[in-house]
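Here the structure comes first, spelled out in structure tokens, and everything after it is commentary.
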Amino acid sequence: MTNSQIAETLEEIGDLLEFKGENPFRIRAYRNAARAIKNMADGAADIIGSDDRELTDVEGIGKDLAEKIATLIATGQLPLLNDLRAEVPRGVRAIMRIPGVGPKKAARLYQELHVKTLSELRHACEREKVRNIAGFGAKSEQKILGGIRIAASADERMYWARADEIAQRLREHLTSVSAVKRLEIAGSYRRGKETVGDLDILTVAEAAAPVMDALADFPGVVETIARGETKMSVRLEGGLQVDLRVVPAEAFGAALQYFTGSKEHNVAFRKRAKDRGLKVNEYGVFKVKGGADGNEADDPGASIAGAEEADVYAALDLPLIPPELRENRGEFSFASQEDIPTLIETDDIRGDLHLHTTASDGRNSLREMIEAAQAHGLAYIAVTDHSKRVNVASGLDAVRLRKQWAEIDEIRPTLPEGFYVLKGVECDILEAGGMDLPDDVLAEADWVIASVHFGQNQSKEKITQRIIGALENPHVAILAHPTGRLINRRDPYEVDLDEVMAAAKEHHKMLELNANPARLDLNEIYCAAAKQRGIPVVISTDAHSVEQYANMRFGVIQARRAGLTKADVANTKTFKQFEKTLKKTRRVV
DNA sequence: GCCGTTTTCGGCCCGACTGTTTTCAGTCG
0 MTNSQIAETL EEIGDLLEFK GENPFRIRAY RNAARAIKNM ADGAADIIGS
50 DDRELTDVEG IGKDLAEKIA TLIATGQLPL LNDLRAEVPR GVRAIMRIPG
100 VGPKKAARLY QELHVKTLSE LRHACEREKV RNIAGFGAKS EQKILGGIRI
150 AASADERMYW ARADEIAQRL REHLTSVSAV KRLEIAGSYR RGKETVGDLD
200 ILTVAEAAAP VMDALADFPG VVETIARGET KMSVRLEGGL QVDLRVVPAE
250 AFGAALQYFT GSKEHNVAFR KRAKDRGLKV NEYGVFKVKG GADGNEADDP
300 GASIAGAEEA DVYAALDLPL IPPELRENRG EFSFASQEDI PTLIETDDIR
350 GDLHLHTTAS DGRNSLREMI EAAQAHGLAY IAVTDHSKRV NVASGLDAVR
400 LRKQWAEIDE IRPTLPEGFY VLKGVECDIL EAGGMDLPDD VLAEADWVIA
450 SVHFGQNQSK EKITQRIIGA LENPHVAILA HPTGRLINRR DPYEVDLDEV
500 MAAAKEHHKM LELNANPARL DLNEIYCAAA KQRGIPVVIS TDAHSVEQYA
550 NMRFGVIQAR RAGLTKADVA NTKTFKQFEK TLKKTRRVV
């Protein structure tokens, strides 16, 4: 059983307990544990099986939950969950995902109308039965009808790259309003999460009304969900919610901190404030009268920081923590030791080592890709078309590959000083194991990427062994998109990344962070694990056209979330330095 | 249900907005 399956089980328990109106802190404990499991690089099952580690070492997992998780792994089920499922109707989790409907209202709908699925609820609304229940009215009935569609697709979060396009347009649209003095887009977008659920815009403005009017006029707005004095929410075509908040200038930094999140980071942040006899909210940092016990009333108007985010952190004796690290995954202990890593930036990247041409499934020719790389300011690239197994992409056999390499040999003398093109290939790892091209061909390449494209449904053991076999090949330099996941579309294949990383370390191989917005594979958890093991990460665009060189920044953001610095990423090196790292991959152990 | 060199019991972040209320519960972020 995978960590994400365990996490989903714990989340379901949390939802069902919430529906039942159980102790909110017990509910939170299940959700915290789900999150902790999801954030672990190691499999929970492996920890249970090991001699030197315990699940209770994990923050948020105590004796009880450790036992429940062990039961879950051993038997595939959990008595508590079985009981809850027997008690609580199946569809209520979906009902609780309707905006404006929480556990209390879902429970009342069930008690009063025996509504237990989204479609039953739609029926009840259409027959105007919901408005007669206490706490509901005609308006909530209408909202629920609209929300059912949203609940049905609530799990679909937008790729960060797509959210970024919208965010840029919103920023342009709103900063053109003369009343707007400052504007920042906070939330998971600012943290660079791989997917974004909504956009949180923060502004300082002379007056709120013109900004809100402008937001209402933004092309694509289909609904104003709420509009108050300081806060407004709209929904765009396609369902993305945009929240706008107008805050006083003296509170902008505090609001930016607050609305950037994550929720988990903020909980820890506020607790830290409390420990220091301070209180933090979206208006600033305040001294609490009577000290840390907080028994006496707050002292209003005694804000000691708020206008700038850096000051808000400084008030809690912290350096400004980069948004990408704000997940309560250790950034506070980093920061307390004044050991915040200087995160990698897109400008640090010097080479792109995974790209395709018209020889396989790319849209631009070899020459076009080479020219565009120079225009992008890169110092080196590797041309890595598919190998023959990927017949749908017209993958290259030895003859065609050698022909392409001969072409590169011809182009090389024409290249400007200091620009290099590596003769590479993205060679498939075959279903039965082994590489798609013979060793004598791979030996002629400067750069061999190993990839799994087929046999993704094989067992964990089989896939892991295929990959390790590839990493043992002296000609292979790197493993591409190591888990094969496509965000929102395809789960990662079953692979023991712990073993894969051990093999990569042993054979001095590199691991790819694929910058395609749908892949972002390795994810930030495993990227951090690779860093910890000292395995060089290469961020690659996997460009299939000249435009896709621009995807590099999506990979860089993911790397930042993993805490990677320039030194952790091999393609930030100069070409000469990079060649040394490359040479090590060919050392036979 | 978790957590703890102040605690093994008693905490666990906090404010805005909505809808249906007659002063506030529920939801959300």
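Residue numbering for the first sequence is 0 to 588, as defined by the numbering used here.
The beta-carbon is built from N, C-alpha and C at its ideal position, and this holds for glycine as well.
Please read all numbers here as calculations on a predicted model, not as lab measurements.
Per DSSP, what are the beta-bridge partners of F285 in this structure? K278 and S302
For the ligand FMN, is there a heavy atom less than 7 Å away from the beta-carbon of S118? Of ligands this structure carries none, so the ligand FMN is not represented either.
Please state the DSSP three-state secondary structure of D51. If DSSP states are grouped into helix, strand and coil, D51 belongs with coil.
Span of the beta strand (DSSP E), counted from its first residue to its last, around G423: Y419 to D427
Below 6 Å CB to CB, which residues in the same chain sit around M0 once its five sequence neighbours on both sides are set aside? I72
In terms of residue numbering, what span does the beta strand (DSSP E) encompassing L510 cover? M509 to N513
What did DSSP end up calling T564 once you bin it into helix, strand or coil? strand
Just mark N294 as buried or exposed, buried being the case when its beta carbon has 16 or more other beta carbons within 10 Å. In this predicted model, N294 has a pLDDT of only 39, less than 50, meaning its place in the structure is not dependable; the value taken from the coordinates is given anyway. Exposed: under 16 other Cβ atoms inside 10 Å.
Limits of the beta strand (DSSP E) - the one that T223 falls within: Here the beta strand (DSSP E) through T223 covers V220 to R226.
Which residue's Cα is closest to the Cα of N515: N522, D541 and A528? D541
The alpha helix (DSSP H) enclosing M231, as first and last residue numbers: Note, M231: premise wrong, no alpha helix (DSSP H); beta strand (DSSP E) at K230 to L235.
Of the residues I369, G433, I538 and G20, the one placed nearest P102, counting alpha carbons only: G20
What residue range is occupied by the uninterrupted alpha helix (DSSP H) comprising L108? It spans P102 to L112 - the alpha helix (DSSP H) in which L108 sits, taken as one unbroken run.
Going by the CB atoms, is the gap between L80 and I12 shorter than 8 Å? yes
What number of angstroms, rounded off, separates the C-alpha of A569 from the C-alpha of I320? Each residue's alpha carbon lies about 25 Å from the other.
For L9 and A33, which I take to be in contact (beta-carbon distance under 8 Å), what is that distance rounded to the nearest angstrom? 4 Å
What's the C-alpha gap between A44 and L414? 52 Å
Alpha carbon of K583 to alpha carbon of K508, nearest angstrom: 8 Å
Residue(s) in a DSSP beta bridge with T194: Y158
Smallest Cα separation from T482: which of H474, A469 and L512? Comparing Cα positions, the closest option is L512.
Whose C-alpha, out of E326, D338, R328 and A306, is nearest the C-alpha of L317? D338
Beta-carbon proximity list for D242, same chain, < 6 Å, skipping 5 on both sides: Short of 6 Å from the beta carbon of D242, and not among the five residues preceding or following it, lie these beta carbons of its own chain, in chain order: D199 and S232.
Nearest by alpha-carbon distance to V279: which of A254, Y109 and S261 is it? A254
To which residues does DSSP link G350 through a beta bridge? Bridge partners of G350 according to DSSP: Y379.
Give the single residue among T194, K192, L235 and A444 whose Cα lies nearest to the Cα of A214. Checking the sequence shown, residue 214 turns out to be Leu, not Ala. The shortest C-alpha separation from L214 is found at L235.
Alpha helix (DSSP H) segment containing L597, residue limits: With the chain covering only 0 through 588, there is no way to say anything about residue 597.
Tell me the DSSP secondary structure of V87 in three-state form. coil
If I measure Cβ to Cβ from L16 and keep anything under 6 Å in the same chain, skipping five residues before and after, which residues do I get? I26
Sequence-distant residues of its chain with Cβ nearer than 8 Å to A208 (five each side left out): So the list is empty, once near-sequence residues are dropped.
To the nearest angstrom, how far is it from the Cα of R585 to the Cα of I5? 39 Å
If we ignore side chains and look at the alpha-carbon of each, how far apart do A35 and G42 end up? 12 Å
Using C-beta distances below 8 Å, list every residue in its chain close to E323, excluding the 5 sequence neighbours before and after it, in chain order. R190, G191, L342, I556, R559 and R560
Contact defined as beta carbons within less than 8 Å: I believe L277 pairs with A314. What is the distance between those atoms, to the nearest angstrom? Contact between L277 and A314 holds, with the beta-carbon distance rounding to 7 Å and staying under 8 Å.
Using alpha carbons as the reference points, say which of T116, L395 and V545 lies closest to N363. V545
Host alpha helix (DSSP H) of K180 (start-end): K180 -> not in any alpha helix (DSSP H); beta strand (DSSP E) instead, spanning V179 to I184.
For K579 and I428, the rounded distance between their alpha carbons: So the alpha carbons of these two residues sit roughly 25 Å apart.
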